[in-house]
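Q:
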Amino acid sequence: MGSNYIEMRLEDCMDAIIDYRGKTPKKVDNGIPLITAKIIKNGRIQEVNEFISINDYDDWMVRGLPLEGDVVLTTEAPLGEVAQLDSRKVALAQRVITLRGKKGILENDYLLYLLQSSFVQNQLDGRASGSTVTGIKQSELREIILRLPPVSLQKSISHQLKCLDKKIDLNNKINKILEQMSQTLFKSWFVDFDPVIDNALDAGNPIPEALQSRAELRQKVRNSADFKPLPAEIRSLFPSEFEETELGWMPKGWQIKSLDHIANFQNGLALQKFRPKNMEDDYLPVLKIADLRAGQITNDERARTDISDSCKVYDGDMIFSWSGTLMIDIWTGGNAALNQHLYKVTSKKYPQSFYFMWTKQHLSRFQHIAEAKAVTMGHIKKGDLSNSFCLIPTSSLITKYDNIVGGYLAKIKNQRLLNNQMTALRDTLLPKLISGELSLDDLPDLTTDTEAA
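In my numbering, the protein residues as written are 8 to 460.
1) With the cut-off set at 8 Å, would you say Leu294 and Leu349 are in Cβ contact?
2) Residues in its own chain within less than 6 Å of Met334 by CB, not counting five upstream and five downstream?
3) Taking the beta carbon of Met21 as the centre, do at least 16 other beta carbons fall within 10 Å, making it buried, or is it exposed?
4) For a minimum of 4 consecutive residues, which ranges assigned as the alpha helix (DSSP H) are wholly contained in the region 263 to 313?
5) Could you give the residue range of the alpha helix (DSSP H) that holds Ile405?
6) Any contact of the region 242 to 249 with the region 388 to 406, i.e. 3+ C-beta pairs under 8 Å?
7) In its own chain, which residues sit with a C-beta less than 7 Å from the C-beta of Lys380, not counting the 5 before and 5 after it?
8) Over the uninterrupted beta strand (DSSP E) stretch that includes Cys318, give me the two end residues.
9) Buried or exposed, going by whether 16 or more other CB atoms sit within 10 Å of the CB of Asp324?
10) So who's on the other strand from Tyr350, going by DSSP bridges?
11) Three or more C-beta pairs under 8 Å: does that hold for the region 205 to 223 against the region 158 to 177?
12) Quick one: what's Phe249 bridged to in DSSP?
13) May I ask you to verify whether the region 128 to 147 touches the region 426 to 435, counting CB pairs closer than 8 Å and requiring at least 3?
14) Which runs of the beta strand (DSSP E) spanning at least 3 residues fall entirely within the region 62 to 96, listed in chain order?
15) Nearest-angstrom Cα distance between Lys235 and Leu218?
16) Would Leu453 be called buried (16 or more neighbouring beta carbons within 10 Å of its own) or exposed?
17) In this structure, how does DSSP classify Lys235 when only helix, strand and coil are distinguished?
18) Going by C-alpha to C-alpha distance, which of Pro32, Ile61, Asn56, Pro202 sits closest to Pro238?
19) What's the C-alpha gap between Glu251 and Ala343?
20) Nearest-angstrom Cα distance between Val127 and Ser10?
21) Which stretch, first to last residue, makes up the alpha helix (DSSP H) that contains Ala379?
22) Let me make sure I understand the geometry here. Which of Gln101, Val103, Glu75, Ile104 has the alpha-carbon closest to that of Leu92?
23) Less than 8 Å between the C-beta atoms of Ile47 and Glu88, yes or no?
24) Since Gly275 and Gly302 should fall inside the 8 Å C-beta cutoff, what is the C-beta to C-beta distance between them, to a whole number of angstroms?
25) Please tell me whether Asp409 and Pro451 are closer than 8 Å, where the distance is taken between their beta carbons.
26) Could you round the C-beta distance between Leu278 and Lys319 to whole angstroms and report it? I think they count as a contact, below 8 Å.
27) CA-CA distance, Gln347 and Ile269?
28) Mind checking who Glu14 pairs with in its DSSP beta bridge?
29) Looking only at C-alpha atoms, which of Val97, Leu86, Gly390, Thr305 sits nearest to Arg134?
30) Which class does Leu113 belong to by DSSP, given the choice of helix, strand or coil?
31) For Ala431, report the span of its alpha helix (DSSP H) as first-last.
32) Measuring only the C-alpha atoms, how far is Gln262 from Arg300?
33) Under 8 Å by Cβ, that's how I've got Leu153 and Leu121 pegged, so tell me the actual separation to the nearest angstrom.
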């Protein structure tokens with residue numbers, strides 16, 4: 008511990024400890040956001056999906072009102088997750104305690120990172136109790152020891168760490184926008200056929216009755232003041248007529264192919280059969296469904312490196328969880344071995360941006376199929392891929408599409424990889440800065456050194 012650090016009990020350096028355990032608010036569809044333990048993850052508050060009535064707020068929040076900058080800590084299920092409140096007016100659920108540092112002693116920004124340090128997390132675990140669900144009582148929480156440098160140093164340390172988090176958050180926001188842009192363009196071109204309808208309207212060609220309502224909506228968009236038509240060179244890649252097929256009306260000249268025709272869906276292995284013989288042997292970490300959800304490997308299982316190349320996963324690979332929690336993502340969690348219940352999706356003929364978005368287009372239907380089979384673990388079968396159809400335009404149009412959406416997906420992947428680097432840097436620096444082992448003088452300026460992509 009640094010020579011200018013002091014140790015204090017948590018309760019001695021708090022202006023407020025707000026605890027709503029033992030109370031359950033009435034939920035409504037819209038109103039004041041309710042901060043619950045399950046949406047406090049990885050130092051952040053995730054998307055809020057529960058609310059209480061505005062009229063109930065004053066009656067509910069009688070134990071104290073949270074303020075911007077307050078730090079929230081989960082007390083059980085899970086224990087020890089931490090985040091900081093923004094300017095929104097929020098309500099607090101059970102299993103969430105709000106902490107406010109005492110002015111002149113403990114900065115809230117520093118408290119946010121201090122609570123995430125192993126020094127505090129180990130104390131939380133050590134003071135927790137419960138046979139089924141592990142949690143910590145408020146009386147035990149108050150006894151947690153905090154190591155505090157001078158306030159000026161608290162501000163400097165938290166500022167450096169917060170700069171990394173802000174850049175991570177910015178990249179995540181940009182990625183969400185890029186994902187929305189990708190989905191919007193794909194739907195416009197290959198589901199709603201907007202450019203084909205535009206061409207047909209301009210050419211005076213008839214619109215099939217089944218597409219009339221869509222054409223009317225499109226005409227309203229075209230008549231709007233802010234309408235921006237596609238460049239002529241892109242519109243020329245689309246036909247101006249429709250033709251009827253067994254699947255309904257589609258752009259003239261396009262083909263219909265099944266999902267498993269445009270891409271290869273390689274199932275993973277039962278990797279318990281492919282363990283390294285010795286702990287010192289080279290190995291690959293095992294990618295499971297939970298890891299795909301987390302975006303990183305969260306288990307400690309190992310697989311031999313001599314498994315089939317088709318079941319090795321690298322950054323940028325498309326992974327499809329077809330059992331349990333059905334989801335699709337581009338993996339950026341490092342080299343791994345593909346476990347069973349996961350597909351690695353590739354194609355020798357079509358770009359990833361094309362088969363990725365077509366698979367996502369069918370995902371909600373796959374989820375419904377899996378839910379209907381959820382007696383044990385919901386899943387889909389290979390036959391469901393064969394019964395899922397895609398529209399295939401000309402190769403020149405696919406190339407143009409990939410130039411745009413493929414670029415978006417590449418940007419998303421690169422920013423995720425950058426986020427991984429910044430997260431690793433933050434997690435390395437945090438315990439050393441908190442303990443005083445590392446001085447800020449030893450570091451480059453993190454506010455400028457790691458730029459958002």
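C-beta: ideal position from N, C-alpha, C; glycine also.
A: Reading from the atomic positions:
1) yes
2) Ser328
3) buried
4) 266 to 269, 296 to 301
5) 402 to 408
6) yes
7) His386
8) No beta strand (DSSP E) holds Cys318; DSSP gives it neither H nor E.
9) buried
10) Asn274, Phe327
11) no
12) Pro258
13) no
14) 78 to 82, 86 to 91
15) 22 Å
16) buried
17) coil
18) Pro202
19) 45 Å
20) 19 Å
21) 370 to 379
22) Glu75
23) yes
24) The Cβ separation is near 18 Å, so there is no contact.
25) no
26) In fact, because the Cβ distance is near 11 Å, the residues do not count as touching under 8 Å.
27) 22 Å
28) Arg154
29) Leu86
30) coil
31) 414 to 442
32) 34 Å
33) 6 Å
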